[in-house]
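**Student:** Input: one structure, supplied below.
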Ligand SMILES: Nc1ncnc2c1ncn2[C@@H]1O[C@H](COP(=O)(O)OP(=O)(O)OP(=O)(O)O)[C@@H](O)[C@H]1O
Ligand SMILES: [Mg+2]
């Protein structure tokens, strides 16, 4: 178990810069997720930590030791690939035991450690099978067992769940988190799925176009997005131009044309000074109010429902407030509002965040 | 007609031209050869139709034929081994190179555009008494007289390797292409050096291609008569040369038929053994 540091890492492929100068610290034992859209450089970063790619500039430290010139087979990292990459010509037990051959593990101990790893991933009885005789989810567990049996300093996972179907993915999410917690290994997890990132991570690194946009706990990146990109990438947000007209000790006051004055909690508006600003209003925090609903403490306005996207437990409304299109995602108690109806929309100002305006 | 019956017939309809060609051009002639092999050639030069075992007796009992058959298998085996050793690194290099793969594969195919006989003859211009190498050696004064480098077993093997190497490279290349490169990365990450992960992962997974290439080289090598004819000496005849000799020179079709069937059975047995353990599918993959 070790911490990982990226010091000013840059990766270029020819003229194309896949990773712009990046500093990142991954504390020992943490579960850190690299989150971002396709092509933002997540895999590139992971492969540089793994030693599968050489950084163009900068340093990689694992456990305080400079790794740039350490070849991959000496790094003692556990890697789980998106397509599992199990050795098809070896049995499950041989796959899991593979890494132990290259370590000073007495031959007599190998079967026991392999079995312990298989137990940990809850597949104790498949050791003699070949990978192709396992389902996708089982193969994924074996890939995980193979990566952790060597007691790696860092566990690296590149979209390990993306090849699984939705239900299985949720199960494996819980499972993976349980195993990581149990062995306490420093973990770098790559995904483009925000709900996966929010559910599993100690810290999330939101990336966009080769740059780190924000690093923080799931609550921080969700509640206090550092940029428009982050606000939109983690769930849907309404972002409205505003002016900051005053700073109280614990609040800033935003003048928003559509809603009047909105007092936003100070800790959700780091670095916002007087002048141009943006109000970040999450779609889940904007509510459509029925007749006679209690609106105390809410800031409200009248809007027209344009589109209703029914999703079972929740419903997603596209409403229009004057010229401004807004999104709202609400739980349904009875029946959703109909398209075309005029409704009162409202939100609590303390649920909002603010960004510096341009 | 029911849908099932029509569906069951469809593959046969599609296959019929090919099956017709194979029957007419392969099985029927083969049947002729089988029949011929039981005929007898008389001293007058006429063929005596009938069921005589004389040709088979001669082919199977004369140590001359046995020795040449064993020699042929030996040369084919050495050729296959050399092709494997030379072909594997080349195939690996092509499979792992980025970008210019198409050009490398094109270069590999290039020899097929030139007749095999011309390619074989070209060695005479290189190694012959007045060939390029001798001219060079004399010019730089290393030797006074041209050296006789041609017409021995080594040049036969050289010619065969020249002929068969692309088949080997292609077969190995195809199986290497099918291996996920993440597997080697995974092996490396688990602590194996590049060489170890090659031995543990890539090599075993490419064995089917190696075996398919090997079988192809062996069968084609063992069945050739042009290379020993052009590049071999009088004592380097291979089994197919005997068939050639019997049929074309002596006009002894019955004996030639028996001999060619003998070679066919030996090589056929090899193919069957291969098929038993590795399957034909891999071979087809390498050819296509
Ligand atoms: N070997 C390479 N040569 C050239 N460009 C590359 C190479 N590898 C990656 N890139 C480019 O670098 C950028 C980042 O790639 P990367 O694979 O890290 O993205 P990612 O965030 O993992 O995306 P995804 O979610 O699709 O896996 C992409 O634009 C990609 O095209
Ligand atoms: Mg990726």
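Residue numbers (my numbering), protein chains in the order written: chain A, 1 to 358; chain B, 359 to 646. In this text, a Cβ means the ideal position worked out from N, Cα and C, and glycines have one as well.
List, in order along the chain, the chain A residues whose C-beta lies closer than 9 Å to that of residue 612 (chain B)?
**Tutor:** Residues of chain A passing the Cβ test: none, with the nearest at roughly 49 Å.
**Student:** Can you list, in chain order, the residues of the stretch 40-59 of chain A whose Cβ is nearer than 7 Å to any Cβ on chain B?
**Tutor:** Of all residues in the stretch 40-59 of chain A, 50, 52 have a Cβ within less than 7 Å of some Cβ in chain B.
**Student:** By how many angstroms is the C-alpha of residue 567 (chain B) removed from the C-alpha of residue 59 (chain A)?
**Tutor:** Spanning the two alpha carbons is a distance of roughly 41 Å.
**Student:** Give me the pocket residues for ligand 1, defined as CB within less than 5 Å of any heavy atom, sorted by chain position.
**Tutor:** Listed along the chain, these residues meet the criterion: A:13, A:18, A:38, A:39, A:40, A:41, A:42, A:43, A:44, A:192.
**Student:** Under a Cβ-count criterion, where at least 16 other Cβ atoms within 10 Å of its own Cβ denotes burial, should residue 632 (chain B) be classed as buried or exposed?
**Tutor:** The residue is buried, with at least 16 neighbouring Cβ atoms inside 10 Å.
**Student:** Which residue or residues does DSSP assign as beta-bridge partners of residue 32 (chain A)?
**Tutor:** In the DSSP output, where bridge partners are listed per residue, residue 32 (chain A) has A:188, A:203.
**Student:** Just the chain B side, please: which residues come within less than 9 Å of residue 130 (chain A) by C-beta, in chain order?
**Tutor:** Ordered by position in chain B, no residue passes the 9 Å Cβ test against residue 130 (chain A), which lies about 13 Å from the chain.
**Student:** Going straight from the alpha carbon of residue 634 (chain B) to that of residue 628 (chain B), what length do you get?
**Tutor:** Using only the alpha carbons, I get a separation of about 10 Å.
**Student:** Against chain B, which members of the stretch 131-147 of chain A pass a CB distance test of less than 9 Å?
**Tutor:** Within the stretch 131-147 of chain A, the qualifying residues are 143, 146, 147.
**Student:** Using CA coordinates, which residue listed in A:328, A:358, A:333, A:320 is at the minimum distance from residue 342 (chain A)?
**Tutor:** Minimum Cα distance to residue 342 (chain A) is reached at A:320.
**Student:** Can you determine whether any heavy atom of ligand 2 sits closer than 8 Å to the C-beta of residue 188 (chain A), and answer yes or no?
**Tutor:** For ligand 2, not one heavy atom lies less than 8 Å from the Cβ of residue 188 (chain A).
**Student:** Have a look at residue 212 (chain A) and residue 190 (chain A) and give me their C-alpha separation to the nearest angstrom.
**Tutor:** Their Cα atoms are separated by approximately 14 Å.
**Student:** Got a sec: is the Cβ-Cβ distance from residue 103 (chain A) to anything in chain B below 9 Å?
**Tutor:** Closer than 9 Å: yes.
**Student:** Contact criterion: CB-CB distance below 9 Å. Does residue 513 (chain B) meet it with respect to chain A?
**Tutor:** No, residue 513 (chain B) does not count as interfacial toward chain A.
**Student:** Check residue 452 (chain B) in the structure and name its three-state DSSP category.
**Tutor:** Three-state DSSP puts residue 452 (chain B) in a helix.
**Student:** Would you mind telling me which residues of chain A sit closer than 7 Å to residue 559 (chain B), beta carbon to beta carbon, in chain order?
**Tutor:** Those are 87, listed as they occur along chain A.
**Student:** Could you confirm whether any beta carbon from chain B is found closer than 9 Å to the beta carbon of residue 127 (chain A)?
**Tutor:** No, residue 127 (chain A) does not count as interfacial toward chain B.
**Student:** For the stretch 583-595 of chain B and the stretch 368-381 of chain B, state whether three or more C-beta atom pairs, one from each stretch, are separated by less than 8 Å.
**Tutor:** These segments do not touch.
**Student:** To which residues of the same chain is residue 167 (chain A) closer than 8 Å at the C-beta, ignoring the five residues directly before and after it?
**Tutor:** Result list for residue 167 (chain A): empty, nothing under 8 Å.
**Student:** Provide the residue(s) that pair with residue 331 (chain A) in DSSP beta bridges, ordered along the chain.
**Tutor:** Residue 331 (chain A) pairs with A:314.
**Student:** Measure from the alpha carbon of residue 275 (chain A) to the alpha carbon of each residue in A:231, A:243, A:25, A:236, then state which is nearest.
**Tutor:** Closest option to residue 275 (chain A), Cα to Cα, is A:243.
**Student:** Measuring only between beta-carbons, confirm whether residue 547 (chain B) sits less than 9 Å from chain A.
**Tutor:** Interface residue, yes.
**Student:** Kindly list the residues whose CB is nearer than 6 Å to the CB of residue 394 (chain B), restricted to its own chain and excluding five residues on each side of it in sequence; keep chain order.
**Tutor:** Result list for residue 394 (chain B): 611, 612, 615, in chain order.
**Student:** Among the candidates B:569, B:369, B:597, whose CA atom is the shortest distance from the CA of residue 579 (chain B)?
**Tutor:** Minimum Cα distance to residue 579 (chain B) is reached at B:597.
**Student:** State the Cα-Cα distance for the pair residue 11 (chain A) and residue 248 (chain A), rounded to the nearest angstrom.
**Tutor:** The alpha-carbon atoms of residue 11 (chain A) and residue 248 (chain A) are separated by roughly 44 Å.
**Student:** Closer than 8 Å, Cβ to Cβ, to anything on chain A: give me those residues from the stretch 525-545 of chain B, in chain order.
**Tutor:** Cβ contacts with chain A come from 538, 540, 541, 543, 544, 545.
**Student:** Going by the C-beta, is residue 159 (chain A) closer than 8 Å to any heavy atom of ligand 2?
**Tutor:** For ligand 2, at least one heavy atom lies less than 8 Å from the Cβ of residue 159 (chain A).
**Student:** Taking 7 Å as the limit between beta carbons, can you name the residues of its chain near residue 346 (chain A), skipping five residues before and five after?
**Tutor:** Cβ within range, chain order: 287, 289, 295, 298, 299, 300.
**Student:** What residues match up with residue 241 (chain A) in a beta bridge as DSSP calls it?
**Tutor:** DSSP, once it has assigned bridges, lists A:278 as partnering residue 241 (chain A).
**Student:** Which residue wins for smallest C-alpha separation from residue 75 (chain A), given the options B:589, B:546, B:577, B:574?
**Tutor:** The candidate whose alpha carbon is nearest that of residue 75 (chain A) is B:546.
**Student:** Mind pulling the chain A residues with CB within less than 9 Å of residue 550 (chain B)?
**Tutor:** Per Cβ cutoff of 9 Å: 73, 98, 99, 101, 102.
**Student:** Skipping 5 residues on each side, what residues in its chain have a beta carbon closer than 6 Å to that of residue 647 (chain B)?
**Tutor:** Summary: the structure shown does not reach residue 647 (chain B), with chain B confined to residues 359 through 646, and so no result is reported for it.
**Student:** Taking C-alpha atoms, which residue in A:259, A:271, A:307 lies nearest to residue 252 (chain A)?
**Tutor:** Of A:259, A:271, A:307, the residue nearest in Cα terms is A:271.
**Student:** Which one of B:414, B:387, B:465 has the shortest CA to CA distance from residue 398 (chain B)?
**Tutor:** Selected option, being the one with the closest Cα: B:414.
**Student:** CA-CA distance, residue 543 (chain B) and residue 52 (chain A)?
**Tutor:** Rounded to whole angstroms, residue 543 (chain B) to residue 52 (chain A) spans 7 Å at the Cα level.
**Student:** Could you name the residues of chain B that residue 77 (chain A) contacts, counting a contact when the two beta carbons are closer than 7 Å?
**Tutor:** Within 7 Å Cβ-Cβ: 547.
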